[in-house]
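In what follows, a single structure is set out as structure tokens and then discussed.
There are 2 protein chains.
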Amino acid sequence: MPTPSDAVRDAALSVPRTARQRARTEITREIIETARRHLAESGAAGLSLRAVARDLGMVSSAVYRYVPSRDDLLTALIIESYEHLGDAVARSEAQLRRGDLVGRWLAVCHAVRDWALANPHEYALLYGSPVPGYAAPQDTVPAGTRVPMLLMQLSADIIDAGMSPEPQRVPRAVHGSLVPLREGSGLPGSVPDDSIVRGIMAWTTLFGAVSLELFGQYGDGIADPRALFDHEMHRIAALLVAPDQ
Amino acid sequence: MPTPSDAVRDAALSVPRTARQRARTEITREIIETARRHLAESGAAGLSLRAVARDLGMVSSAVYRYVPSRDDLLTALIIESYEHLGDAVARSEAQLRRGDLVGRWLAVCHAVRDWALANPHEYALLYGSPVPGYAAPQDTVPAGTRVPMLLMQLSADIIDAGMSPEPQRVPRAVHGSLVPLREGSGLPGSVPDDSIVRGIMAWTTLFGAVSLELFGQYGDGIADPRALFDHEMHRIAALLVAPDQ
DNA sequence: CCTTGTCAAGAGCGCTGCTCTCGTCTCTTG
DNA sequence: CAAGAGACGAGAGCAGCGCTCTTGACAAGG
């Protein structure tokens, strides 16, 4: 008695057994794929289970054999999109010399921005207002932390290279605030609070800049958003690694 | 022959003449008010013209005499929300001594965050993913730039007080990128590019921090978001005004 | 072979945004 | 003051949505 939730999971793992099960995971994958195409074209708000079914030549009720609900389909798309973004960023960042810390930071920045510009609806789904009530369940967390994790690794590398800026004192309350993050991320205890704060602020500014641009907050006030973005991220770089090179 | 768009505008201006017109602006205002209540409770996605009509004891088609479409209603709510946020921020910032530049910056930060926490759905409507296709027309621009304008004024005051940090060199492309913003904001030409960039980055980090927290990107990694936010904004303060006090 | 379980299809419920018509009421003009 | 022009509320209706339930056909396993 396979439930639709199982189908979504199996489609990701893709470990079929009988012909029935193979067909099942196959169709589930097709549904998610078609939904991803619709998402890219019309955005999350315009994603319709019925339209997806129509595209696949099946009737809407049949889709519910494979997907429990529209929200679950969106959740699957969220996870998939996080992975796509994570892949794009990791791929871009991996091309640089490990010792080129500033270069790696800038690579992450532009990879995020480029991906967001290429996939605006997906980015909006990930980082915009949470659409379906407050859907985002625990399933999306591991995928969603990939980019922040990558930045944490970069922070650790900066420390190892002895390129950290003069550590700044961090208030007691902030130290306590970071405890669950330390535990959840497996960050070595030797990383000082100051570095974590710097990492968070860098990620915050990166996210903020991309979102402001993509969500139209600049209006037509900024002629060349890429130039501004690049400059901003260069300035943040000075926050992350000491300028003495 | 009053069009529904006129009704929405008149409700804001409220200059009635005949009894008919007074009733018209009155009802239009009630519609927007009820819609704002629904927005606060269920979010933009859950806002239904029919539900608003039901709440007002009228039939759905009657609402269309006053509001051209759901998107226009949302646009009206966007403008109203921008004004509310702008009021809250301006009120909070005005309470501080003009010379207390860091204090004014922090007041703006906490006013934005407090308002966002108190009105999450409104904040999501303003700064989250643009819901209705790409609605946000020109009407929302003046209201939407209130907070950034306030920060621009703060930047100008910092310069006037001679408290600006050592100006940093700004690339040619970035200078050009800022031209339309200079023209649109009536900023005095004496304000250097560097100050504008600092202002944009401050606004970017403020916006990013509030959005990351409100949209659930911190997960449960941050125990005391307010403490972290306050600390981050203090650090940004050092970017805006020279630490020599 | 035959039972069990999976499947696609269709009908249907309640909701949505939006349009059109119709009878009524009000304001304005002759 | 009366008559025509215009604004209005109510209702029916269309197409779409998410989702549920029933029905009949098919395949898998005992």
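Protein chains in written order, with the working numbering: chain F, 1 to 245; chain D, 1001 to 1245. A virtual CB, placed ideally from N, CA and C, is assigned to each residue, including glycine.
Rounded separation between F:Glu83 and F:Gln168 - CA only: Those two C-alpha atoms are separated by around 34 Å.
The region 1085 to 1101 of chain D / the region 83 to 94 of chain F touching (three or more Cβ pairs under 8 Å): No: fewer than three Cβ pairs fall under 8 Å.
D:Leu1240 CB to nearest heavy atom of the ligand COA below 6 Å: This structure does not include the ligand COA; it has no bound ligands of any sort.
Residue-level contact to chain D via CB, F:Gln245, 7 Å cutoff: Interpretation of F:Gln245 is limited by its pLDDT of 44, a score under 50 that renders its predicted location unreliable; the figure taken from the coordinates is listed afterwards. Not closer than 7 Å to any Cβ of chain D, the Cβ of F:Gln245 fails to qualify, so no.
Burial state of D:Ser1155, where buried means 16 or more other Cβ atoms lie within 10 Å: buried
Neighbourhood of F:Gln245 by C-beta, 6 Å cutoff - its chain only, sequence neighbours within 5 removed: Low per-residue confidence applies at F:Gln245: pLDDT is 44, beneath 50, and the placement is therefore not dependable, though the value from the model is reported in the following sentence. There are no such residues.
Within chain D, partners of F:Glu232 - CB distance below 8 Å: Val1197, Ile1200, Met1201, Thr1204
Helix, strand or coil at D:Met1201 [DSSP, three-state]: helix
Uninterrupted alpha helix (DSSP H) stretches inside the region 1016 to 1087 of chain D (no shorter than 4 residues): 1019 to 1042, 1049 to 1055, 1060 to 1063
F:Cys109 beta carbon less than 7 Å from that of F:Thr206: Looking at the sequence shown, residue 206 of chain F is not Thr but Leu. Annotated as proximal: F:Leu206 and F:Cys109, with beta-carbon spacing under 7 Å.
From F:Ile32, F:Ile159, F:Ile196, residue whose alpha carbon lies closest to that of F:His175: F:Ile196
Among D:Gly1208, D:Phe1229, D:Thr1075, the one whose alpha carbon lies nearest that of F:Thr204: D:Gly1208
D:Ile1027 versus D:Tyr1066: straight-line alpha-carbon distance, rounded: Looking at the two C-alpha atoms, the distance is approximately 8 Å.
Continuous alpha helix (DSSP H) stretch holding F:Gly184: start and end: 172 to 185
Start-to-end residues for the alpha helix (DSSP H) that takes in F:Gly103: 101 to 118
Under 9 Å (Cβ pairs) to chain F, residues found in the region 1212 to 1228 of chain D: Going along the region 1212 to 1228 of chain D in chain order, one finds Leu1212, Leu1214, Phe1215, Gly1216, Gln1217, Tyr1218, Gly1219, Asp1220, Gly1221, Ile1222, Ala1223, Asp1224, Pro1225, Arg1226, Ala1227, Leu1228 with a Cβ nearer than 9 Å to chain F.
Neighbouring residues, chain D, relative to F:Ala173 (Cβ below 7 Å): The contacting residues are Asp1224, Ala1227.
Inter-residue Cα distance where the pair is F:Ala23 and F:Glu80: 21 Å
Minimum Cβ-Cβ distance from F:Leu39 to chain D less than 7 Å: no
Buried versus exposed, by CB contacts within 10 Å (16 or more), F:Asp220: exposed
The region 1173 to 1189 of chain D: positions lying closer than 7 Å to chain F by Cβ: Ala1173, Val1174, Gly1176, Ser1177, Val1179, Pro1180, Leu1181, Gly1184
Presumed contact (8 Å Cβ cut-off) between D:Val1008 and D:Ala1076, rounded CB distance: 5 Å
Whole-number beta carbon distance between D:Leu1101 and D:Met1163, since they are thought to touch under 8 Å: Contact between D:Met1163 and D:Leu1101 is confirmed by a C-beta separation of about 6 Å, below the 8 Å threshold.
Range of the contiguous alpha helix (DSSP H) that encloses D:Pro1225: 1225 to 1240
Contact check, F:Val210 vs F:Ala107, beta carbons under 7 Å: Not closer than 7 Å, so no.
Limits of the unbroken alpha helix (DSSP H) element including F:Gln153: 146 to 160
Segment contact, 8 Å Cβ cut-off, at least three pairs: the region 1116 to 1128 of chain D with the region 1038 to 1046 of chain D: Result yes; three or more Cβ-Cβ pairs closer than 8 Å.
Classification of F:Gly46 by the beta-carbon crowding that lies within 10 angstroms, buried from 16 upward: The residue in question, F:Gly46, is exposed, as its Cβ has fewer than 16 Cβ neighbours within 10 Å.
Three-state secondary structure assigned by DSSP to D:Val1191: coil
Nearest candidate by alpha-carbon position, reference F:Val147, set F:Asp160, F:Ile159, F:Leu126: F:Leu126
F:Val141 versus D:Ala1173: straight-line alpha-carbon distance, rounded: Their Cα atoms are separated by approximately 38 Å.
Check whether D:Asp1194 and D:Val1170 have beta carbons under 7 Å apart: yes
Residue-level contact to chain F via CB, D:Val1067, 7 Å cutoff: no
Any C-beta of chain D under 7 Å from that of F:Ser129: yes
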